[in-house]
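K.L.:
Quick one: the structure is below, and I'll ask about it shortly.
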Amino acid sequence: KQEVTQIPAALSVPEGENLVLNCSFTDSAIYNLQWFRQDPGKGLTSLLLIQSSQREQTSGRLNASLDKSSGRSTLYIAASQPGDSATYLCAVLNTGGFKTIFGAGTRLFVKA
Amino acid sequence: EPEVTQTPSHQVTQMGQEVILRCVPISNHLYFYWYRQILGQKVEFLVSFYNNEISEKSEIFDDQFSVERPDGSNFTLKIRSTKLEDSAMYFCASSAQGRQYFGPGTRLTVL
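Listed in order, the protein sequences are those of chains A and B. Those letters in the first sequence? Residues 14 to 125, per the numbering used here, in order. Those letters in the second sequence? Residues 3 to 113, per the numbering used here, in order.
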């Protein structure tokens, strides 16, 4: 049974810092991995999608990596800003493409 | 940019009543999903739908739940007899090429 864990659960950093959020999963037979952002009381915004055959994806200040064999993904945020404050969720879509398992998220607070 | 929409944004119902949550996926997407998020907890997969049938469902998705794509554009989640523990945010998502796009959610409150 696939389990997804995110570390740390919460993180508070000063503006301008580079930071890394971690996601690990127990079953490497995945179709893809997606990182989302969730603001309080809101829906999920897709940030980056990494297919199982890829190693990383980049969008602006965000870079996500995937190491399927070790069951790990990282989300790197460069030069953090107060507007980055949100919960970041990692989600794994299993092989077959029909069931998605989410981690509990990392709650990020960037201080101005 | 196309978006997934959901109605209503907030639904309040009495225990034992039936509710229908509605979603309009992005028009050229083929895969559809329902998730729920109880306040303060993880997003939980409920069901996926492809080619007009359920592809996979979780243990949560018991006989009280059903999904339908009644008219080729809407995608609905029905809860037949709501329980207090069904109170949660329900999200619909659709995808093409693996990337899932989420709607804003329906907050269901069961009294």
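For each residue, glycine too, the CB sits at the ideal point set by N, CA and C.
Would you call the stretch 90-103 of chain B in contact with the stretch 56-68 of chain A, where contact means no fewer than 3 C-beta pairs closer than 8 angstroms?
P.N.:
The answer is yes - the stretch 56-68 of chain A touches the stretch 90-103 of chain B, with three or more Cβ pairs under 8 angstroms.
K.L.:
Note down, in chain order, every chain B residue with its Cβ under 9 angstroms from the Cβ of Ser59(A).
P.N.:
In chain order: Arg101, Gln102, Tyr103 and Phe104.
K.L.:
Please check the pair Glu20(B) and Lys80(B), which I expect to be a contact at CB under 8 angstroms, by giving their CB distance rounded to whole angstroms.
P.N.:
Glu20(B) to Lys80(B), Cβ: 7 angstroms. Contact.
K.L.:
Output needed in chain order: residues of the stretch 83-108 of chain A with a Cβ under 8 angstroms from some Cβ in chain B.
P.N.:
So the close ones are Leu102, Ala104 and Leu106.
K.L.:
With H, G and I counted as helix, E and B as strand and the rest as coil, what does DSSP make of Leu60(A)?
P.N.:
The answer is strand: DSSP assigns Leu60(A) an E or B state.
K.L.:
Taking 8 angstroms as the threshold (C-beta atoms), are Leu88(A) and Asn45(A) in contact?
P.N.:
Against a cut-off of 8 angstroms, the Cβ pair of Leu88(A) and Asn45(A) comes out as no contact.
K.L.:
Go through its chain and collect everything with a Cβ distance to Asp73(B)'s Cβ below 7 angstroms, but skip five positions before and after it.
P.N.:
Answer for Asp73(B): no residue qualifies.
K.L.:
Any idea if Arg50(A) is buried or exposed, counting beta-carbon neighbours within 10 angstroms, 16 or more meaning buried?
P.N.:
Looking at its Cβ environment, which holds 16 or more other Cβ atoms inside 10 Å, Arg50(A) is buried.
K.L.:
Can you give me, in chain order, the residues of the stretch 78-99 of chain B that have a beta carbon less than 9 angstroms from any beta carbon in chain A?
P.N.:
Residues passing the 9 angstroms Cβ filter: Met91, Phe93, Ala95, Ser97 and Gln99.
K.L.:
If I measure Cβ to Cβ from Ser37(A) and keep anything under 6 angstroms in the same chain, skipping five residues before and after, which residues do I get?
P.N.:
So the qualifying residues of the chain are Thr18, Gly84 and Arg85.
K.L.:
Which complete alpha helix (DSSP H) runs does the stretch 14-70 of chain B hold, if anything under 4 residues is left out?
P.N.:
Here no run is fully enclosed.
K.L.:
With 8 angstroms set as the bound, which would you pick, yes or no: does the beta-carbon of Val45(B) sit closer than that to a beta-carbon of chain A?
P.N.:
So, interface residue.
K.L.:
Taking Cβ-Cβ distances shorter than 9 angstroms, what residues in chain B pair up with Asn45(A)?
P.N.:
The answer, in chain order, is Gly100 and Arg101.
K.L.:
Provide the residue span of the beta strand (DSSP E) that contains Val6(B), from first to last.
P.N.:
That residue, Val6(B), is in no beta strand (DSSP E); it is neither H nor E in DSSP.
K.L.:
So which residues on chain B does Leu114(A) lean against when the C-beta distance must stay under 8 angstroms?
P.N.:
For the sequence presented, residue 114(A) should be read as Ile rather than Leu. Those are Phe47, listed as they occur along chain B.
K.L.:
Could you check whether Pro53(A) and Lys124(A) sit closer than 8 angstroms to each other, using their CB atoms as the reference points?
P.N.:
Not a contact, by the Cβ cut-off of 8 angstroms.
K.L.:
Let me make sure I understand the geometry here. Which of Gly109(A), Thr108(A), Tyr101(A) and Ser82(A) has the alpha-carbon closest to that of Ile20(A)?
P.N.:
When only C-alpha atoms are compared, the closest one is Tyr101(A).
K.L.:
Quick one: list the residues of chain B neighbouring Phe111(A), beta-carbon separation under 8 angstroms, in chain order.
P.N.:
Residues of chain B passing the Cβ test: Tyr33, Ser50, Tyr52, Ser57 and Glu58.
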